[in-house]
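Counted from 1, the sequence shown has number 97 at position 97 by the UniProt record's numbering; the numbering is strictly sequential.
Okay, structure first, notes after.
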Amino acid sequence: MEQTEETLLIQRAQQGDDAAFTALYRHHYSFVYRYMMKLTLQQELAEEIMQETMLKAYMKLSSFRGDSLFSTWLISIASRQFLDHQKKRKREQLREGKTNQETIRRFKWDIQQKGHPWHDMWEALNELKAQERAPIILHYYYGFTYPEIASMLGMREGTVKSRVHHGLKKIRKEWSL
């Protein structure tokens with residue numbers, strides 16, 4: 001989809017054209033979904049957060065000013081939805097005292113069965129806190145700059161750099177053992 005076509009669809013969607021939003025949704029869904037899979041490491045959770053993300057995007061469409069790409073805006077919403085979910089999950093886990101080790105084992109097995117070259121990296125990324133994992137994936141896998149990531153996640157650029165640095169340091173330490 002060309003930028004001018006996307007801009008027209010955004011304008012139409014902001015004016016209440018549901019068909020235009022549906023076209024935007026279809027165009028960007030797989031990109032944002034793949035990002036969510038990398039963050040959540042769980043298909044069902046990725047799908048759940050995707051639904052929340054797209055609903056929020058629809059509800060807040062009037063706030064999109066075009067300062068960034070539409071896909072960047074969606075990634076920003078998805079990242080915040082994920083971080084909110086992680087906070088909620090952590091509270092629930094503390095209450096219930098449960099872990100998601102079985103889910104992690106199933107996900108690792110799925111990746112290995114598919115011969116995915118990143119399976120070791122996924123395991124290492126899973127050990128990181130969500131606040132470290134998200135900036136690393138956005139920077140190294142998707143190629144976003146630190147200022148873009150800071151804007152997406154609603155934090156300072158220095159905080160993003162610090163989280164990337166500390167997250168990579170933890171991964172390197174684990175791999176050297």
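Virtual Cβ for every residue (Gly too), placed ideally from N, Cα, C.
Pairwise C-alpha distance: residue j and residue i
| i | j | result |
| --- | --- | --- |
| arginine 65 | arginine 156 | 21 angstroms |
| glutamine 3 | lysine 88 | 37 angstroms |
| glutamine 14 | methionine 59 | 10 angstroms |
| lysine 173 | proline 135 | 19 angstroms |
| histidine 27 | tyrosine 146 | 25 angstroms |
| tyrosine 142 | glycine 16 | 31 angstroms |
| asparagine 100 | threonine 72 | Reliability of the predicted coordinates at asparagine 100 is poor, the pLDDT of 46 falling under 50, and the value obtained from them is presented with this limitation in mind. Taking the straight line joining both Cα atoms gives about 30 angstroms. |
| glutamate 48 | arginine 34 | 13 angstroms |
| glutamine 11 | leucine 61 | 10 angstroms |
| glutamate 6 | threonine 22 | 12 angstroms |
| lysine 169 | tyrosine 140 | 14 angstroms |
| serine 63 | phenylalanine 144 | 22 angstroms |
| glycine 154 | arginine 91 | 22 angstroms |
| glutamine 51 | glycine 158 | 31 angstroms |
| aspartate 67 | glutamine 43 | 31 angstroms |
Any chain B beta carbon closer than 7 angstroms to residue i
| i | result |
| --- | --- |
| arginine 172 | In the structure shown, chain B cannot be found, because there is only a single protein chain. |
Neighbour-count burial assignment, residue i, 16 or more Cβ in a 10 Å radius
| i | result |
| --- | --- |
| methionine 54 | buried |
| methionine 36 | buried |
| histidine 165 | exposed |
| leucine 24 | buried |
| phenylalanine 31 | exposed |
| leucine 125 | buried |
| leucine 9 | buried |
| leucine 41 | buried |
Cβ-Cβ distance between residue i and residue j below 7 angstroms
| i | j | result |
| --- | --- | --- |
| methionine 152 | serine 79 | yes |
| leucine 39 | phenylalanine 70 | no |
| glutamine 86 | alanine 130 | yes |
| isoleucine 77 | lysine 56 | yes |
| leucine 128 | glycine 167 | yes |
| isoleucine 149 | valine 160 | yes |
| glutamate 163 | glutamate 123 | Rather than glutamate, the amino acid found at residue 163 in this sequence is arginine. Taking 7 angstroms as the Cβ cut-off, arginine 163 and glutamate 123 do not qualify as a contacting pair. |
query: Which full runs of the alpha helix (DSSP H) of 4+ residues lie inside the stretch 127 to 170, going along the chain?
result: Under the rule that a run must span 4 or more residues, the alpha helix (DSSP H) segments found entirely inside the stretch 127 to 170 read 130 to 136 and 146 to 153.
query: Fully enclosed by the UniProt domain "RNA polymerase sigma-70 region 2" (24 to 91), which alpha helix (DSSP H) runs are 4 residues long or longer?
result: You should have 43 to 59.
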